[in-house]
Amino acid sequence: MNNMRNIPDVLRARGYRLYLADGRRLVDLWLNGGAAILGHTPQNLLRELKNTASRGLYAPFPHFTEGRYLKSLLKLFPGFSFRFYAAPPQELTALFNSGAVKLWRPYENPEKPLSVNDSPFFIPILPGVQTWRDGLPLGLCVVAAKTGSAQEKDLLAQLPQNDALSPILFAVAARGVYDILAAKERANPKLPQVAKTLKNTSSIWQRQGIYLSLKKKTSSQEWETLFNQFLEAGFLLPPTQNYPLILPGELSDGEEAKLLECIC
380 MNNMRNIPDV LRARGYRLYL ADGRRLVDLW LNGGAAILGH TPQNLLRELK NTASRGLYAP
440 FPHFTEGRYL KSLLKLFPGF SFRFYAAPPQ ELTALFNSGA VKLWRPYENP EKPLSVNDSP
500 FFIPILPGVQ TWRDGLPLGL CVVAAKTGSA QEKDLLAQLP QNDALSPILF AVAARGVYDI
560 LAAKERANPK LPQVAKTLKN TSSIWQRQGI YLSLKKKTSS QEWETLFNQF LEAGFLLPPT
620 QNYPLILPGE LSDGEEAKLL ECIC
């Protein structure tokens, strides 16, 4: 995450934009790895955070919000079972690094924006209060395993039992799932020029739903060069290429024109 040290302090995050201590405004194309995929100030999430925190529920007490989160996940992923962790355990990191467990991101397919593509197990990236380590979420890390699949018992047998987590994390995460379910239009942001350019040019970027990634992996030094080029143009790239660029829900005409210059 060292590239983040190239930007001044962020004073405010509003919607899909960041406001810096030096007076600049950046369009956020990282969106906290997907945890802010609906923007940085979704009212429902902020209300859940405020209401739960106002009751002093910071510690990992038993609380009905865990059941509420499980219920929300079952609406998004029916027929799956789940494990919850404050940080990905070593066993999960090893499975992720081997390719046995992959990340799931909403809106990768505009035709089926919330499809899991028959994956037997995955780590969903959803709105919530998260940070990251080696491409995996911290704060609240979820593993989903297809109930009754041939691999379910073997996978879950390799993983520890659930961590005890703060009701704040569960409350905000549950609200985030319901917001994802209600925001399928997010799969098709109104960025016609970006869509046309990526379809008709030999850009180094490839698109999958609302996500952009390099067609070919580059070195960390080359990524840092790209990071600084986008930064100068007013855009925040992900700190490493472990994360895709996420197209924002909206851009002004001027911002869209600048983004086109960066990705062409």
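Residue numbers (the working numbering): 380 to 643. Cβ coordinates follow ideal geometry from the N, Cα and C atoms, glycine included. The model shown is predicted, which means the values in this text are computed figures rather than measured ones.
One or two residues paired with residue i in a DSSP bridge
i, result
"Gln510", "The question names Gln, but residue 510 in the sequence shown is Thr. DSSP, once it has assigned bridges, lists Leu517 as partnering Thr510."
"Leu436", "BP columns for Leu436 are empty, so no partner."
"Lys525", "Phe459"
"Leu577", "BP columns for Leu577 are empty, so no partner."
"Phe500", "Ala524"
"Ile625", "Tyr590"
"Leu505", "Paired residues: none, contrary to the question."
"Phe614", "Val406"
"Leu482", "Ile502"
Among the options, nearest to residue i - alpha-carbon criterion
i, options, result
"Arg393", "Pro539, Gln509, Val406 and Leu453", "Val406"
"Met496", "Ser477, Ala465 and Pro457", "Per the sequence shown, residue 496 should be read as Asn rather than Met. The residue with the shortest Cα to Cα distance from Asn496 is Pro457."
"Pro546", "Ala415, Leu535, Ala438 and Leu577", "Ala438"
"Arg404", "Ala636, Ile642 and Leu615", "Leu615"
"Asp401", "Leu410, Arg391 and Glu634", "Arg391"
"Glu629", "Asp533, Leu638 and Lys569", "Lys569"
"Phe637", "Tyr622, Gln620, Pro617 and Gln608", "For the sequence presented, residue 637 should be read as Lys rather than Phe. The residue with the shortest Cα to Cα distance from Lys637 is Gln608."
"Gly478", "Pro485, Leu493 and Pro499", "Pro499"
"Tyr557", "Gly412, Leu471, Leu455 and Leu408", "Leu455"
"Pro516", "Lys481, Ala529, Gln530 and Ser582", "Lys481"
"Pro492", "Asn423, Ser631, Lys578 and Glu564", "Glu564"
"Arg586", "Arg512, Asp513 and Pro623", "Pro623"
"Asn476", "Lys594, Leu519 and Asn621", "Asn621"
Backbone CA spacing between residue i and residue j [nearest angstrom]
i, j, result
"Thr444", "Ala550", "5 Å"
"Pro506", "Phe606", "24 Å"
"Val573", "Cys641", "11 Å"
"Trp584", "Thr597", "12 Å"
"Leu449", "Ala552", "10 Å"
"Asn488", "Arg434", "39 Å"
"Leu428", "Pro503", "21 Å"
"Arg554", "Gln600", "38 Å"
"Lys575", "Val389", "32 Å"
"Gly527", "Pro571", "42 Å"
Going residue by residue through the stretch 390-468, where are the continuous alpha helix (DSSP H) segments of at least 4 residues, counting only ones entirely within it? The qualifying runs are 422-433 and 443-455.
Uninterrupted alpha helix (DSSP H) stretches inside the stretch 532-575 (no shorter than 4 residues): Here the runs fully enclosed are 546-560.
Could you check whether the stretch 458-467 touches the stretch 521-541, counting it as contact only if at least three pairs of C-beta atoms, one from each stretch, sit closer than 8 Å? Cβ pair count under 8 Å is three or more, so yes.
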